[in-house]
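The opening position of the sequence shown corresponds to residue 554 in our numbering, with each subsequent residue numbered one higher.
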Amino acid sequence: MSDDIFAAGFKTRPYWWEAAAPSADGLDPLPDAVDVAIVGGGYCGLSAGLELARGGAEVAVLDREAPGFGASSRNGGMVGGALKIPSDALARAVGPEQARALIEEGDRSFDFIETLIAREKIACHYRRSGRFTAAHSPGHYAALARRIEGSEAAKAGLVAMVPRARQREEIGSDFYHGGMRGERGGGLHPALYHQGLAQAARRAGAKICAPADVTGITRQQGMFHVEHSAGKIVAREVMIATNGYTTAAFPWHRRRVIPVASYIIATEELAPELARGLSPKGRMLGDTKRVLFYFRLSPDGKRLLFGGRVGFKTIDEVAAAKRLHRCMRGVYPQLNGVRLTHSWRGNVAFTFDILPHMGRHEGMHYAMGCNGSGVAMATYLGYQTALKIACRANRACAFDERPFPTSVVYRGTPWFLPLVGGYYRARDAVERALAR
Ligand SMILES: Cc1cc2nc3c(=O)[nH]c(=O)nc-3n(C[C@H](O)[C@H](O)[C@H](O)COP(=O)(O)OP(=O)(O)OC[C@H]3O[C@@H](n4cnc5c(N)ncnc54)[C@H](O)[C@@H]3O)c2cc1C
């Protein structure tokens, strides 16, 4: 393929960084001692830092890069509280009662982030746009319909099926076989949200310090000694919030989260009519494939941002852009000839049970593993961990202290991804072919 899909000035970094690039300038000096040291300055660590500082604790949030360098300034900005594991599969795995508790807790994460953005007045273009989940095959449409049939959300009109004949009300494409619209979902500018959360945490008194690569933590006389690239901090409590960027300093956690690269492209500005037609209601869009596409208009409504997992072996942003551009044209043939201004990637943290986790290991708190759905969830688990550390939780969070599985074959390098990814992709292709 020729390189004429790239606009002049094409960049291999997130589109979001045009408005708010991660920066370590003007951050706080590293303290020698704090009440709580938090490793990781993404949504999770910042949200924990904010809540702890609001309660009066001395907190330092440490990041080895400029805070926001991780997934928190690279994601699609889609906000929702649904878990990645389908409710029927979850009920089979953990039983109906626990499944209900986990699903309700997920729902709370959505309410929580909306309240937080309003309370802290975070200017991040948040809009409750709703979401449309497009069915990849008639079988997937039927499965979605079964999942919501008779549910409270369906009765309340919060979710509904949209047949293929009416699909263009939701998405300017005939690629899919209908889908499900959901009203409890929204979109934001992820890097501005991260920046606003960092400002809120600092306003409350939390210190944000970077670069500070945490290389090891030991416990001596009841206190944690946090060794980092610029020295040491002594802390009463520690929280690990490193998600898909967990380093070898935390081998136990690294064996439990699988970093998988996800890629996004941004188009050049589109003609207003063309842009509006792609997503008439400005919804967050995604599909039901195992190796899914997720896409949306930019907050100003002028560009399409189109994401997916186009390589299970990590590939560079230019190669990914070419593949994603082809996928985007498959969904939206009207974007033939449209050029790209940005292409980037970030690590999604998958877990072996497809559930997020918070808990404690060797006395240290952790929260991670949002499976590609962590804008609300990482923020919420950070908050819940802070309540737990401050002994202010009046009930246990449903995600707290659940068994955090790993696999004997996994030591932190996901060598098996190309095999699993190839299998999933093949199943998607077969289902699509059968649907024709
Ligand atoms: C491309 C992409 C698209 C996504 N789209 C969506 C979406 O649309 N909606 C959604 O809900 N979720 C989405 N997600 C997931 C979401 O972005 C994440 O779940 C969320 O940002 C995780 O936040 P976090 O704070 O846990 O981790 P991160 O933001 O990844 O932060 C972890 C931080 O830990 C730091 N760190 C690691 N090791 C150390 C160490 N040893 N010392 C110091 N610091 C360390 C890293 O530098 C990093 O900054 C997407 C993710 C990606 C990658």
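Ideal Cβ placement from N, Cα and C applies to all residues, glycine included. Owing to the predicted nature of the structure, the values given are computational and were not obtained by experimental measurement.
Since I believe L823 is in contact with R856 (beta carbons under 8 Å), could you give me their beta-carbon distance rounded to a whole number of angstroms?
6 Å
Since R836 is in the beta strand (DSSP E), which residue starts that stretch and which ends it?
R836 -> no beta strand (DSSP E), and no H or E assigned at all.
Alpha helix (DSSP H) runs wholly inside the region 918 to 961, at least 4 long, in chain order
928 to 942
Looking at the structure shown, is E673 part of a helix, part of a strand, or coil, going by DSSP?
coil
Taking 6 Å as the limit between beta carbons, can you name the residues of its chain near S600, skipping five residues before and five after?
Answer for S600: T932, G935, Y936, listed in chain order.
Check whether the Cβ atoms of F952 and P886 sit closer than 8 Å, and answer yes or no.
no
When the Cα atoms are used, what is the spatial distance from E722 to R699?
For E722 and R699, the distance between alpha carbons rounds to 22 Å.
At which residue ranges does the region 707 to 795 contain complete alpha helix (DSSP H) runs of 4 or more residues, listed in the order of the chain?
743 to 757
Give me whichever residues DSSP pairs with M911 in a beta bridge.
Beta-bridge pairing links M911 to A920, D953.
Extent of the continuous alpha helix (DSSP H) run through P691
691 to 701
D766 beta carbon near ligand 3 (any heavy atom closer than 7 Å):
In terms of ligand content, the structure shown lacks ligand 3 and carries ligand 1 instead.
Grouping DSSP H, G and I as helix and E and B as strand, with all else coil, what is T820?
strand
Answer yes or no: the CB of S815 versus the heavy atoms of ligand 1, is any distance below 7 Å?
At a cut-off of 7 Å, the beta-carbon of S815 counts as near ligand 1: some heavy atom of the ligand is closer than that.
Could you check whether the Cβ of R856 sits closer than 7 Å to any heavy atom belonging to ligand 1?
The answer is no for R856.
For Q774, tell me which candidate among C597, G916, G922, T841 has the shortest Cα-Cα distance.
G916
Rounded straight-line distance, which links the Cα of V712 to that of G703:
11 Å
Using DSSP's beta-bridge definition, name the partner residues of P812.
A902
Could you check how far apart the C-beta atoms of R809 and R964 are, in whole angstroms? I think they sit under 8 Å.
Rounded to the nearest angstrom, the Cβ distance from R809 to R964 is 11 Å, too far for a contact under 8 Å.
Looking at the strands, I want to know which residues DSSP matches up with L850.
Looking at the DSSP assignment, L850 forms a beta bridge with L857.
Quick one: residues in its chain with C-beta nearer than 7 Å to the C-beta of S960, no 5 flanking neighbours on either side, listed in chain order?
F905
On a CA-only basis, which of D616, T894, N796, M733 is nearest A763? Give me that one, please.
D616
Residues of its chain near L893, where Cβ-Cβ distance is below 8 Å and the 5 sequence neighbours each way are ignored:
I558, F559, A560, F563, I818, A819, T820, E821, A874, H878
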